[in-house]
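J.:
Residue numbers (this note's numbering): 0 to 303.
(1) Would residue 99 and residue 139 qualify as a contact pair, given that the criterion is a beta-carbon distance under 8 Å?
(2) Which residue marks the beginning of the beta strand (DSSP E) containing residue 110, and which one marks its end?
(3) Nearest-angstrom Cα distance between residue 201 and residue 58?
(4) Inspect the beta-carbon positions of residue 188 and residue 90 and report whether they are closer than 8 Å.
(5) Just checking my contact of residue 319 with residue 167 at CB under 8 Å: how many whole Å lie between their CB atoms?
(6) So for residue 177, helix, strand or coil by DSSP?
(7) Would you mind reading off the limits of the alpha helix (DSSP H) that contains residue 102?
(8) Confirm the yes/no value for this check: CB of residue 256, any heavy atom of the ligand FMN, distance under 7 Å.
(9) On the CB-based measure, 16 or more other CB atoms within 10 Å of its CB, does residue 182 come out buried or exposed?
(10) Can you say whether residue 171 is buried or exposed, counting buried as having 16 or more other CB atoms within 10 angstroms of its CB?
(11) What residues are listed by DSSP as bridge partners for residue 235?
(12) Check residue 228 in the structure and name its three-state DSSP category.
(13) Kindly indicate which residue of 282, 248, 241 has the alpha-carbon position closest to the one of residue 275.
(14) Using the beta-carbon count (16 or more within 10 Å), is residue 237 buried or exposed?
(15) Considering only the alpha carbon of each residue, which of 147, 210, 97 lies closest to residue 116?
(16) By alpha-carbon positions, which one of 279, 271, 256, 257 ends up nearest to residue 265?
(17) Which whole runs of the alpha helix (DSSP H) in the segment 114–177 are 4 residues long or more, in chain order?
(18) Quickly, what does DSSP pair residue 81 with across the bridge? List them, please.
(19) Using a threshold of 8 Å, state whether the C-beta atoms of residue 240 and residue 286 are closer than that.
(20) Among 126, 178, 48, which residue has its Cα nearest to the Cα of residue 111?
(21) Give every residue of the same chain whose Cβ lies closer than 8 Å to the Cβ of residue 153, excluding the five residues on either side of it in the sequence, and list them in chain order.
(22) Under the rule that 16 or more other beta-carbon atoms within 10 Å means buried, what is residue 33, buried or exposed?
(23) Does DSSP put residue 295 in a helix, in a strand, or in coil?
(24) Reducing DSSP to helix, strand and coil, say where residue 209 ends up.
(25) Using 8 Å for Cβ pairs, my map puts residue 65 next to residue 85. What's the rounded Cβ distance?
(26) Taking the beta strand (DSSP E) that residue 64 falls in, what are its first and last residues?
(27) Determine, using beta carbons only, whether residue 224 and residue 233 come nearer to each other than 8 Å.
(28) Here's the rule I'm using: 16 or more other beta-carbon atoms within 10 Å means buried, otherwise exposed. How should residue 104 be labelled?
(29) State the beta-bridge partners of residue 278 as determined by DSSP.
(30) Quick check: the Cα distance between residue 136 and residue 56, rounded to an integer number of angstroms?
(31) Would you tell me roughly how many angstroms separate the C-alpha atoms of residue 289 and residue 83, rounded to the nearest one?
(32) Going straight from the alpha carbon of residue 149 to that of residue 54, what length do you get?
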């Protein structure tokens, strides 16, 4: 094949990336220029980053920190104070859930500790009865969908023996995965001790959770029922109001305390199927901030 013939094939295959692999096989199998073919094939297989095409350089938000990225290319599309350490409330349950997944199979039965009653005094909970038993999967579901503190506390005790040792294990997980601006002192994200993260670290933790099929399914759950081994039944609904909005949600997690403000991380998708991740921290209107951010990105960026 001549150089110009090769060039024609390369351009033709790049026009339609969806059929690029078949194109290379049909047209370039007999070429004597393997280096050029390999480079061209790589170019077709590599996703192209979205391009800024708008004229709006900023967006009005109530959030103190925010981050939006293109999931396919990991390109940052918007950032505000993304390395600033802040309390993130129940978004820290992403780290806790990842540590639980590393340690315990989903079918493992866990005893609800007496300490669960302490977690029922503040924040979201599902009133788990101490002494009864539930599966790791059911407890993770309750910890992530309605953000139940008693469910996450039960998991923490199952992993660490108590909450303090669980926090040490979770912090070690964060360090091992490069999240050096994240630290927890409890499993739930409630105020107390050294508790902080950043928008950049939350992005990374959320991406790890999103790539775990079990956690991804829970992070998009709208409601659920936990039934203990002894027969106690607890129903719950999601804290993520965007699940009932026009915005398509692939996964998400909320977090709120008075000191942390409103926090939210989501994965959504655009008209062309492009996956877009976003974090808002320290907001006074997280759901509206998130809608505003996603709409701004889709108006001001073009996907190839």
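Where is the CB? At the ideal position from N, CA and C, for every residue including glycine.
T.: Reading off the structure:
(1) yes
(2) 108–110
(3) 21 Å
(4) yes
(5) Only positions 0 to 303 of the chain appear in this structure, which leaves residue 319 out of reach.
(6) coil
(7) 92–102
(8) The ligand FMN is not among the ligands present in this structure, which contains no ligands whatsoever.
(9) buried
(10) exposed
(11) Partner(s): 223.
(12) coil
(13) 248
(14) Per the 10 Å Cβ criterion, buried.
(15) 147
(16) Per the Cα distances, 279.
(17) 115–118, 135–143, 148–159, 162–175
(18) Answer is none; residue 81 lacks a bridge partner.
(19) yes
(20) 126
(21) 109, 110, 111, 112, 115, 127, 133, 138
(22) Only weak support exists for where residue 33 lies, its pLDDT of 32 falling under 50; the value from the coordinates is given anyway. Exposed, by the Cβ-count rule.
(23) helix
(24) helix
(25) With a Cβ gap of about 12 Å, residue 65 and residue 85 do not count as contacting.
(26) 64–69
(27) yes
(28) exposed
(29) For residue 278, DSSP records a beta bridge to 66, 264.
(30) 43 Å
(31) Cα to Cα, residue 289 sits roughly 19 Å from residue 83.
(32) 47 Å
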